[in-house]
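>
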Amino acid sequence: SHLEQVSTGEESEPPELLRVPDRKTILAAINRLDKFTVMCGRHGIDYAVKRMPAVRGSTETLVPLQRIEFDESPVDLLTLATLSGVWTVLSEEQRAKIKRKRRWLGVAIDVATRCVVGMHIANKGSTEAAIPTFKMILEDKSHLLGGLEGENLSWHQCGGFSQVVMDQGSGNISDRTRTALSDLGVKVLYAPAGDPAQRGVGERIFRTVGTYVYPRVDGRTFSNV
21 SHLEQVSTGE
31 ESEPPELLRV
41 PDRKTILAAI
51 NRLDKFTVMC
61 GRHGIDYAVK
71 RMPAVRGSTE
81 TLVPLQRIEF
91 DESPVDLLTL
101 ATLSGVWTVL
111 SEEQRAKIKR
121 KRRWLGVAID
131 VATRCVVGMH
141 IANKGSTEAA
151 IPTFKMILED
161 KSHLLGGLEG
171 ENLSWHQCGG
181 FSQVVMDQGS
191 GNISDRTRTA
201 LSDLGVKVLY
211 APAGDPAQRG
221 VGERIFRTVG
231 TYVYPRVDGR
241 TFSNV
């Protein structure tokens, strides 16, 4: 040891102190670490897996209506009332009596064409949203566009579908929903809980609606007050 005296009785020279690395050097060392390992250490493995999932190929669909992805998302009652014009004719007393309850929007989208083939608003996320949405897939919906501005608007995309993919919500796994789909000869796939990427097309449509549709509507309250 440099701190021990040599046999001659003379003291050795003091050790050279290590220079403390600066911030830039420390950050460079951190950047050389494995990104997934760093994210696990900072946020936990569940967070890291969601942010850095394994690369997976997209679902192969060859024809329209081969694979339908269905999902639900809550919307706001006040937004719907304002959009329909009802809110403007209600008195303050009538408005105060209206219970603030979030409605649910069920959406069915065709993976092959990225076309929304069904959309229904219900009191809650259940069979009230699922079954009417599936019914719309089978019907020409052009008559629903009569109140919109524009000419020659058409929502004619419809027909029998082969497969539907959805989450394991109580309404989706209910006997009514499964019986209705079974009667249509539709194969049902339930995606694993906590893995929205398994039905990414259906999940993404709600972000699109939130970005391009809700900002145009009076009374938007966002998902968190």
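Sequence positions in the sequence shown follow my numbering and run 21 to 245. Where is the CB? At the ideal position from N, CA and C, for every residue including glycine.
#1: By how many angstroms is the C-alpha of serine 182 removed from the C-alpha of valine 6?
#2: What did DSSP end up calling aspartate 195 once you bin it into helix, strand or coil?
#3: Which full runs of the beta strand (DSSP E) of 3+ residues lie inside the stretch 105 to 161, going along the chain?
#4: Please classify glycine 191 as buried or exposed, where buried requires at least 16 neighbouring CB atoms within 10 angstroms.
#5: Does the distance from the CB of isoleucine 88 to the CB of alanine 128 come in under 8 Å?
#6: Taking only the alpha-carbon atoms, compute the straight-line gap between threonine 147 and threonine 197 and give it to the nearest angstrom.
#7: Closer than 8 Å by C-beta to glutamate 113: which residues in its own chain qualify, once you throw out the five before and the five after it? Chain order, please.
#8: Assuming glycine 180 and leucine 85 make a contact with CB atoms under 8 Å, what is their CB distance in whole Å?
#9: Along the chain, where does the beta strand (DSSP E) containing leucine 209 start, and where does it finish?
#10: Provide the residue span of the beta strand (DSSP E) that contains phenylalanine 56, from first to last.
#11: Report the rounded CA-to-CA distance for asparagine 51 versus glutamate 33, giving the unit in angstroms.
#12: With 16 other CB atoms within 10 Å as the buried threshold, where does aspartate 130 fall?
#13: Report all residues from its chain with a CB closer than 7 Å to the CB of alanine 200; omit the five preceding and five following residues, and keep chain order.
#14: Express the C-alpha separation of methionine 156 and valine 106 in angstroms, rounding to a whole number.
#15: Kindly indicate which residue of Cys135, Val109, Ala116 and Ile141 has the alpha-carbon position closest to the one of arginine 122.
#16: Check each candidate in Asp203, Gly64, His163 and Arg43 and name the one with the smallest Cα separation from histidine 176.
#17: Which same chain residues, not among the five before or five after glutamate 159, have their C-beta less than 8 Å away from its C-beta?
To lay it out plainly:
#1: For the chain, the structure presents residues 21 to 245; residue 6 sits outside this window and is missing.
#2: The count along the sequence shown starts at 1 and reaches residue 195 at position 175. In the structure shown, aspartate 195 sits in a helix (DSSP, three-state: H, G or I).
#3: 123 to 130 and 135 to 142
#4: Counting from 1 along the sequence shown, the entry for residue 191 is found at position 171. Under this definition glycine 191 is a buried residue.
#5: For the purposes of this step, residue 88 is taken as the residue at position 68 of the sequence shown. For the purposes of this step, residue 128 is taken as the residue at position 108 of the sequence shown. Going by C-beta atoms, isoleucine 88 is nearer than 8 Å to alanine 128.
#6: Residue 147 sits at position 127 when you count from the first residue of the sequence shown. Residue 197 sits at position 177 when you count from the first residue of the sequence shown. Their Cα atoms are separated by approximately 6 Å.
#7: In the sequence shown, the residue the question calls residue 113 occupies position 93. Taken in chain order, the list of residues that qualify is empty.
#8: Residue 180 sits at position 160 when you count from the first residue of the sequence shown. Residue 85 sits at position 65 when you count from the first residue of the sequence shown. So it is a contact: roughly 7 Å between Cβ atoms.
#9: Counted from its first residue, the sequence shown places residue 209 at position 189. Run containing leucine 209: 207 to 210, per the beta strand (DSSP E) assignment.
#10: Residue 56 sits at position 36 when you count from the first residue of the sequence shown. Segment 55 to 63 is the alpha helix (DSSP H) holding phenylalanine 56; no beta strand (DSSP E) there.
#11: Residue 51 sits at position 31 when you count from the first residue of the sequence shown. Residue 33 sits at position 13 when you count from the first residue of the sequence shown. Between asparagine 51 and glutamate 33, the C-alpha separation is close to 37 Å.
#12: Here the question's residue 130 lines up with position 110 in the sequence shown. Buried, by the Cβ-count rule.
#13: Counting from one through the sequence shown, the residue named residue 200 turns up at place 180. So the list reads Ile151 and Phe154, once near-sequence residues are dropped.
#14: Walking along the sequence shown from the start, residue 106 turns up at place 86. Walking along the sequence shown from the start, residue 156 turns up at place 136. Rounded to the nearest angstrom, the two C-alpha atoms are 25 Å apart.
#15: For the purposes of this step, residue 122 is identified with residue 102 of the sequence shown, where counting begins at 1. Considering only alpha carbons, the answer is Ile141.
#16: For the purposes of this step, residue 176 is identified with residue 156 of the sequence shown, where counting begins at 1. Cα-wise, what sits closest to histidine 176 is His163.
#17: Looking up residue 159 in the sequence shown gives position 139. Cβ within range, chain order: Cys178.
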